[in-house]
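In this note's numbering, the protein residues as written are 803 to 1424.
Cβ atoms here follow ideal geometry from the backbone N, Cα and C, with glycine treated the same way.
Because the structure is a prediction, the values reported are computed rather than measured.
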């Protein structure tokens, strides 16, 4: 029986290895066998690769390039797998057993890495409102060690020197560099999660809009830039900077590919009032407008020529957009307008309520301001506990443009969780079932802040409580039982599985300690969550618990994964698990045991054979 390999199964997805595999499929002759400390490994022959690419290789020293101090390191950080895991917290969740929504507390860099296997190309929309780099404070480590260790240190969870929340003053020499090094790896990881027709929206202001455009051009491709939406964030006129009233900010939109397209927005009231006529006795079904059905002679595509006689008796001989049969259908439905005197050239009548909508604009001067976002916080908490919340209507508008039923919306700078609130509200209004995934660092609230004095220790605590209160408010308005107002809480942590690091001073003790390699303070639920991530399964996948031979067996995803972490596993239990293959009939079943859970080595050996006879080829232990 194979053990879960700590090099492959003990970390998040190895993005570099995946990229090498994809490249080797395209250019097998550009690779050669090599080795390193970990054993045999494919190596890239760059000379052969250049020959394969021919004239498309760029080797000029002077070329357009956007770079900064630390860019190469930021790229490596994005590609370094995480050795962490996500621990479930049902006690902080709402509707744990049924909800499809997630709230993940932890450093978004590490969380994005952990989500790579389970949600690769699964997210339809990403909206983030990152730090604007206005010279205040945002969290970043002053020096790096192991990524997860860094997170634990600079969030104050373990002691350590040199890790602190740092002011990024504009006078500092690395003002823009610090922000770019923080954003770049997160955006690279985020792109992997987007569906091929997915979209990412990033709120930003003047301080970093130029740099943001450049790194997003590099990560997403300039051809996938959709638009820069300009929105009015406040109505007041005040001299904010250099005698300029800063009323607006931006939302940068990029698609994952050229297949990304926005949905139409409903017709605006102003457009309807200008373009549509009031109902009449002839056209009583709502506001309407006439549309020409003639075809100009110079246009390609031809047309249909026949005589049309109007109700007044006048005839018109022209090229029409409809064949005569189609025209007769419009006539039967009373959808033709012949002018006020019933003698004009016929036009088709369409009603406003039948319209598929109109394209959005890149100038949103009528959207809710940030003051509305603060009012929403006050309505839920009666205190101004969060300074910079975005209004929910802004995010619902973005989600309406880019998402449909069952789509996943991700926000990995969740803050007060305006995005979660917005998605629940939107689902209530259009009766769809979008899912929200929130990621927020447990950034400690200042002891002088209103939030801290109100009882909130971290920004993550504010976000979770906002979702709970918003859900309670929306539940009173909901008539559908299908509206998902819950969320599962997970927290970033070190792996549940302790790697064996033998002590040269006391090999015997370290060897015996490694026999039980699951951390003593971890539960079966903790280990199950880690296995979901390692096997690339949805964290909200259904998990059935079943008693087989007096032992607890977890059946995940209708048999896609079966986990038994019991002690004293015997052959009766193994045969019971093998019977699940025929009962549940999953396309592929994988089974995981605890390595030291078998009654003896004979049972362990026979277990593999019994399961293989039942059609289960993937059997591992941890």
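Burial state of residue i (16 or more Cβ within 10 Å)
i, result
"residue 849", "exposed"
"residue 1311", "Here the model assigns residue 1311 a pLDDT of 46, short of 50, so the residue's position is not dependable, and the following value carries that caveat. Classification of residue 1311: exposed, given that the 10 Å Cβ count is below 16."
"residue 1222", "buried"
"residue 1325", "exposed"
"residue 1057", "buried"
"residue 905", "buried"
"residue 1194", "buried"
"residue 1261", "buried"
"residue 1400", "buried"
"residue 1237", "buried"
"residue 997", "buried"
"residue 908", "buried"
"residue 1354", "exposed"
"residue 1274", "exposed"
"residue 882", "buried"
"residue 1084", "exposed"
"residue 1003", "buried"
"residue 1055", "buried"
"residue 1397", "buried"
Backbone secondary structure at residue i - three-state DSSP
i, result
"residue 1122", "strand"
"residue 1407", "helix"
"residue 1310", "With a pLDDT of 44 at residue 1310, under the threshold of 50, the predicted position of this residue should be treated as unreliable, though the coordinate-derived value follows. It is helical."
"residue 1031", "strand"
"residue 1236", "coil"
"residue 1144", "coil"
"residue 1188", "coil"
"residue 981", "helix"
"residue 1275", "helix"
"residue 928", "strand"
"residue 922", "coil"
"residue 1366", "strand"
"residue 1024", "helix"
"residue 1155", "helix"
Inter-residue spacing [alpha-carbon to alpha-carbon] between residue i and residue j
i, j, result
"residue 1025", "residue 914", "25 angstroms"
"residue 916", "residue 1334", "10 angstroms"
"residue 1015", "residue 901", "36 angstroms"
"residue 1387", "residue 1172", "52 angstroms"
"residue 1337", "residue 1037", "50 angstroms"
"residue 1281", "residue 1233", "10 angstroms"
"residue 1040", "residue 1158", "40 angstroms"
"residue 944", "residue 899", "For residue 944, the predicted model reports a pLDDT of 40, less than 50, meaning its position is unreliable and no value from the coordinates is stated."
"residue 1306", "residue 1320", "Low confidence applies to residue 1306: its pLDDT is 48, below 50, so where it sits in the model is not reliable enough to give any reading."
"residue 1118", "residue 1110", "5 angstroms"
"residue 1167", "residue 1141", "37 angstroms"
"residue 1390", "residue 1416", "12 angstroms"
"residue 1259", "residue 1069", "44 angstroms"
"residue 1089", "residue 1229", "28 angstroms"
"residue 1072", "residue 1079", "13 angstroms"
"residue 1049", "residue 1394", "57 angstroms"
"residue 1289", "residue 1059", "30 angstroms"
Given residue i as reference, the closest of the options once Cα atoms are compared
i, options, result
"residue 1293", "990, 1120, 1187 and 889", "889"
"residue 934", "1215, 998, 1402 and 1039", "1215"
"residue 1422", "1232, 1363 and 1388", "1363"
"residue 1065", "1218, 867, 1226 and 1160", "1160"
"residue 1153", "927, 1074, 1142 and 1322", "1074"
"residue 1199", "1224, 1180 and 1083", "1224"
"residue 1299", "887, 830 and 817", "887"
"residue 1133", "1165, 1142, 1121 and 1095", "1095"
"residue 870", "1276, 1405 and 979", "979"
"residue 1031", "894, 1196 and 874", "1196"
"residue 1383", "1142, 1412, 1274 and 1228", "1412"
"residue 1144", "1398, 1137, 1114 and 1166", "1114"
"residue 1051", "1397, 1185, 1231 and 1165", "1165"
"residue 1012", "1268, 981, 1177 and 1418", "981"
"residue 1287", "897, 1135 and 836", "897"
"residue 1239", "1419, 1248, 1250 and 1219", "1219"
"residue 1147", "1278, 1093, 828 and 1135", "1093"
Supposed contact pair residue j and residue i - C-beta distance, whole angstroms, cut 8 angstroms
i, j, result
"residue 1356", "residue 1339", "Wrong, their Cβ atoms sit about 12 angstroms apart, outside the cutoff."
"residue 1205", "residue 923", "Contact doesn't hold; Cβ gap of about 15 angstroms is too wide."
"residue 1121", "residue 1106", "7 angstroms"
"residue 1430", "residue 1344", "Outside the modelled stretch of the chain, which goes from 803 to 1424, sits residue 1430, for which no answer is possible."
"residue 931", "residue 1217", "6 angstroms"
"residue 1187", "residue 1252", "5 angstroms"
"residue 879", "residue 987", "5 angstroms"
"residue 806", "residue 1203", "Not quite, the Cβ-Cβ distance comes to about 42 angstroms (not below 8 angstroms), so this is no contact."
"residue 847", "residue 832", "5 angstroms"
"residue 1405", "residue 1371", "6 angstroms"
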